[in-house]
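These notes concern the structure reproduced below.
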């Protein structure tokens, strides 16, 4: 299989991406390949600088770059020669099996929808983040910013998408899905969460275990934490800043270290017809390496196909 | 002045409340008094147990208790002899100047509105929490759960209420008000936050400095963090659990210790015609003591009157 990497994606690209790709390639089986997508001269120069073997990779030349601040739709239309636009073209045509980037996440989202499309039945694709628990296990928090204005039925689908992701990629059996809320009782929260609770409470699509609170995040009560993208993004950035603050103050142990985003390699875009991974903008080489390895894993477990199958049952249950 | 204390309010009441009252009383000037509201026999017994002088306090007998899980409106109607209902009666009739409780916060909210009413022009009263910054200063985060379904104009008023609170009680000059969001640009966030930004951007009622992110919470960029009560409550509980997790793991220093809720004594209900303080349900004696001292301070700086005055200018600006 072939993983396409946006060489120009991320705040520390192309150094971080090429260095990460070289590290990931060493863990790839012989039949699998990393396709480096970006300006050829930059790629060759960076490979040389980091002691990478150009023959170990496939290089796809794309001269342009979509910057972090650019408007996703406009940038994709204006820059067909950008690494992101080119990556999605390769994905669509089957020249790569999966595409990963730590670049403009809006452009990744729009590019994915335009090129490989949303899985039929999915209202809104979503992105997630891994939250480590104190006991060494992890939970998946979603959505983390892709859908700041989610509706109840969208939150319901996040429960399904997160559940399948947890099961197939993180090998959590029958994942416990919790709705993030401001109290455990059914009537707690705002209208959005009250309605979502009603949809979820008798779910046959996933193992809904009820409302959870901000204070439960580090405990092993829940495997999939469902919330809207506004709340999720605030939590994500708050937890990141807690981690950075603790490291800065020298307050760390193995659990605090497990909060380092570098370990988790980003998030698949859940609910689209292919494998697309989005990394953190501040990804360093370790994070990029882990993003590439996660991309391969998400493709290998056929996550997208598993979601499609679940959606067939899902539709039957609903109608 | 007289501060009324709900002796039965909080998970550790009446031990915590009586012990906290005894400690606070030692810091009260001679003319000021703490009025203990609850079952007389319980109060006298607890005073004896904690070595408190009954003559140092006024005791207001109220036999009933509103429990934490009870429905606020129903409980207040059914239990006129409860410490919360009785406290608001005393406040309304001027027998006490301020009322504080770590009990059922819903009942405190409803009781306040029914007894002393919202300040004219205030759409929704709000509650806040203190977030310590790494540099030793504090910021005020509001709303933290009173209004899980806030509208843009309600968020706007939170900016004003938080600003006045920061200025008069925490002596922060011209407080910087930030809107919590998922990006700093004006168009970021969901519809609620996009609309609130438009209302705030040219505010003459407070010093709006723009959007802030979850990652800015510990930095000294903002003095008043405005968000809806759903998001605020999630943040509040998450930060509390971060603090508890760090203490449990032995990862602490003076900054982490400053996150201890005990130091801050709860929150005034902002936007009502009197001084009403709500403490954390898990308040121990130190938290209760600080709640009583904060109640006295909020009354003394005439916070409610300052808000009324601001509202007069506010209305002029708007019409």
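Residue numbers (this note's numbering), protein chains in the order written: chain G, 43 to 361; chain R, 43 to 361.
Virtual Cβ for every residue (Gly too), placed ideally from N, Cα, C.
Predicted model only: the values in this text are computed from it and were never measured.
In its own chain, which residues sit with a C-beta less than 6 Å from the C-beta of residue 150(G), not counting the 5 before and 5 after it?
Looking up residue 150(G) in the first chain gives position 108. Answer for residue 150(G): 143 and 320, listed in chain order.
Q | Neighbourhood of residue 198(R) by C-beta, 7 Å cutoff - its chain only, sequence neighbours within 5 removed | A | On the second chain, position 156 is the one that residue 198(R) refers to. Here the set comprises 238, 241 and 242.
**OP:** Quickly, what does DSSP pair residue 45(G) with across the bridge? List them, please.
**Re:** For the purposes of this step, residue 45(G) is taken as the residue at position 3 of the first chain. For residue 45(G), which the question treats as bridged, DSSP gives the partners 76(G) and 140(G).
*Spell out a yes or no on whether the segment 82-101 of chain R and the segment 159-175 of chain R are touching, meaning 3 or more CB-CB pairs, one atom from each, closer than 8 Å.*
At 8 Å Cβ cutoff, the stretches do not touch.
Measure the alpha-carbon distance for residue 293(R) versus residue 349(R) and round it to whole angstroms. Translated into the one-based positions of the second chain, residue 293(R) becomes position 251. Translated into the one-based positions of the second chain, residue 349(R) becomes position 307. Taken atom to atom, the span from the alpha-carbon of residue 293(R) to that of residue 349(R) is near 40 Å.
request  = Counting only runs of 4+ residues fully inside the segment 209-287 of chain R, write out the alpha helix (DSSP H) ranges in chain order.
outcome  = Within the segment 209-287 of chain R, the complete alpha helix (DSSP H) runs of at least 4 residues are 233-242.
So which residues on chain G does residue 157(R) lean against when the C-beta distance must stay under 8 Å?
One-based indexing of the second chain puts residue 157(R) at position 115. Neighbours of residue 157(R) on chain G: none; closest Cβ ~25 Å, over 8 Å.
Just mark residue 312(G) as buried or exposed, buried being the case when its beta carbon has 16 or more other beta carbons within 10 Å. Reading the first chain from its first residue, position 270 is the one you call residue 312(G). Buried is the call here.
For this session: Please report how far the alpha carbon of residue 361(G) lies from the alpha carbon of residue 182(G), in whole angstroms.
Result: Mapped onto the first chain, residue 361(G) falls at position 319. Mapped onto the first chain, residue 182(G) falls at position 140. Legend: pLDDT at residue 361(G) = 45, less than 50; position of this residue unreliable, value from coordinates given subsequently. Each residue's Cα considered, the two are about 29 Å apart.
(message) Which runs of the alpha helix (DSSP H) at least 4 residues long sit entirely within the segment 92-138 of chain G? Give them in chain order.
(response) Within the segment 92-138 of chain G, the complete alpha helix (DSSP H) runs of at least 4 residues are 114-120 and 125-134.
Own chain residues within Cβ distance below 6 Å of residue 190(G), not counting five before or after
What you label residue 190(G) is simply residue 148 of the first chain in a count that begins at 1. Same-chain partners within the cutoff: 271 and 272.
Does the distance from the C-beta atom of residue 104(R) to that of residue 80(R) stay below 8 Å?
-> Here the question's residue 104(R) lines up with position 62 in the second chain. Here the question's residue 80(R) lines up with position 38 in the second chain. With contacts defined as CB atoms closer than 8 Å, residue 104(R) and residue 80(R) qualify as a contacting pair.
| task | Please classify residue 361(G): does DSSP put it in a helix, a strand, or coil? | result | Walking along the first chain from the start, residue 361(G) turns up at place 319. Confidence at residue 361(G) is low in this model, with a pLDDT of 45, below 50, so the placement of that residue should be treated as unreliable; the coordinate-derived value is given next. It is coil, neither helix nor strand.
- Message: So, under 8 Å CB-CB, residue 78(G) and residue 63(G) are touching, yes? Tell me the CB distance rounded to an integer number of Å.
- Response: The residue given as residue 78(G) occupies position 36 in the first chain. The residue given as residue 63(G) occupies position 21 in the first chain. A Cβ-Cβ distance of about 6 Å is found for the pair residue 78(G) and residue 63(G), placing them in contact under the 8 Å criterion.
message = Rounded to the nearest angstrom, what separates residue 166(R) and residue 333(G) at their Cα positions?
response = Looking up residue 166(R) in the second chain gives position 124. Looking up residue 333(G) in the first chain gives position 291. So the two alpha carbons sit approximately 46 Å from each other.
Item to complete: Note down, in chain order, all residues in the segment 278-300 of chain G with a beta-carbon under 9 Å from any beta-carbon belonging to chain R.
Response: Taking a C-beta cut-off of 9 Å against chain R, the contacting residues of the segment 278-300 of chain G are 278, 279, 280, 281, 282, 283, 284, 286, 287, 288, 290, 291, 292, 293, 294, 295, 297 and 298, listed in chain order.
If you count every other CB in all the chains shown that lies within 10 Å of the CB of residue 336(R), and 16 or more means buried, which is it?
-> For the purposes of this step, residue 336(R) is taken as the residue at position 294 of the second chain. Of the other Cβ atoms in all chains shown, 16 or more fall within 10 Å of the Cβ of residue 336(R); this residue is therefore buried.
Q.
In whole angstroms, give me the CA-to-CA distance for residue 73(R) and residue 43(R).
A. The residue you call residue 73(R) lines up with position 31 of the second chain. The residue you call residue 43(R) lines up with position 1 of the second chain. Cα to Cα, the separation comes out at about 7 Å.
### Query
What does a CB cutoff of less than 6 Å around residue 84(G) pick up in its chain, not counting 5 residues either side in sequence?
Residue mapping note: residue 84(G) aligns to position 42 of the first chain, counting from 1. Same-chain partners within the cutoff: 56.
Check: Taking a cut of 8 Å between CB atoms, which residues from the segment 188-204 of chain R lie near chain G?
Finding: From the segment 188-204 of chain R, only 190 and 191 have a Cβ closer than 8 Å to chain G.
- Within-8 Å CB hit, residue 220(G) to chain R: As a first step, residue 220(G) is located in the first chain; it is residue number 178 there, counting from the start. Look at residue 220(G): its C-beta is not under 8 Å from any C-beta on chain R.
ask   = DSSP beta-bridge partners for residue 170(R)?
value = Looking up residue 170(R) in the second chain gives position 128. According to DSSP, which records beta bridges pairwise, residue 170(R) is partnered with 184(R).
Query - Option nearest residue 353(R) by Cα separation, candidates 220(R), 315(R), 129(R) and 173(R) - result: In the second chain, the residue the question calls residue 353(R) occupies position 311. Residue 353(R) has its Cα closest to that of 315(R), out of 220(R), 315(R), 129(R) and 173(R).
(message) Quick check on residue 82(G) - is its C-beta less than 8 Å from some C-beta in chain R?
(response) For the purposes of this step, residue 82(G) is taken as the residue at position 40 of the first chain. Residue 82(G) does not count as touching chain R.
Output, in sequence order along the chain, the residues in the segment 236-266 of chain R whose CB is closer than 7 Å to any CB in chain G. Taking 7 Å as the Cβ-Cβ cut-off against chain G, the residues of the segment 236-266 of chain R that qualify are 255, 256, 257, 259 and 260.
Under 8 Å between C-beta atoms of residue 6(R) and residue 170(R):
Outside the modelled stretch of chain R, which goes from 43 to 361, sits residue 6(R), for which no answer is possible.
request  = Starting from the C-beta of residue 441(R), find all residues in its chain whose C-beta is less than 6 Å away, skip the five residues before and the five after it, and write them out in chain order.
outcome  = This structure leaves residue 441(R) out entirely; chain R is present only between 43 and 361.
**Message:** With a threshold of 8 Å, are at least 3 pairs of Cβ atoms found where one atom belongs to the segment 248-262 of chain R and the other to the segment 243-256 of chain G?
**Reply:** Using a C-beta cut-off of 8 Å, the segment 248-262 of chain R makes no contact with the segment 243-256 of chain G, since fewer than three inter-stretch Cβ pairs fall below that distance.
Requested in this report: Report yes or no: do the segment 280-299 of chain G and the segment 220-235 of chain G share at least 3 C-beta pairs separated by less than 8 Å?
Outcome: No, the segment 280-299 of chain G is not in contact with the segment 220-235 of chain G.
I need the straight-line Cα distance from residue 257(R) to residue 330(G), nearest angstrom please.
Position 215 of the second chain, counting from 1, holds the residue named residue 257(R). Position 288 of the first chain, counting from 1, holds the residue named residue 330(G). Between the alpha carbons of residue 257(R) and residue 330(G) lies a distance of about 22 Å.
Helix, strand or coil: how does DSSP classify residue 314(R) here? Working through the second chain from its first residue, we reach residue 314(R) at position 272. Strand.
Quiz item: Helix or strand or just coil, what does DSSP make of residue 89(R)?
Solution: Here the question's residue 89(R) lines up with position 47 in the second chain. In this structure, residue 89(R) counts as helix in the three-state DSSP scheme.
Check: Are residue 125(R) and residue 48(R) close, meaning C-beta to C-beta below 8 Å?
Finding: On the second chain, position 83 is the one that residue 125(R) refers to. On the second chain, position 6 is the one that residue 48(R) refers to. Cβ atoms of residue 125(R) and residue 48(R): closer than 8 Å.
message: Since residue 305(R) and residue 186(R) should fall inside the 8 Å C-beta cutoff, what is the C-beta to C-beta distance between them, to a whole number of angstroms?
response: The count along the second chain starts at 1 and reaches residue 305(R) at position 263. The count along the second chain starts at 1 and reaches residue 186(R) at position 144. About 16 Å separates the beta carbon of residue 305(R) from that of residue 186(R), a gap too long to meet the 8 Å contact definition.
Subject >> residue 146(R) to residue 112(R) span [Cα, whole Å] >> reply: By one-based count along the second chain, residue 146(R) stands at place 104. By one-based count along the second chain, residue 112(R) stands at place 70. Here the C-alpha atom of residue 146(R) lies approximately 8 Å from the C-alpha atom of residue 112(R).
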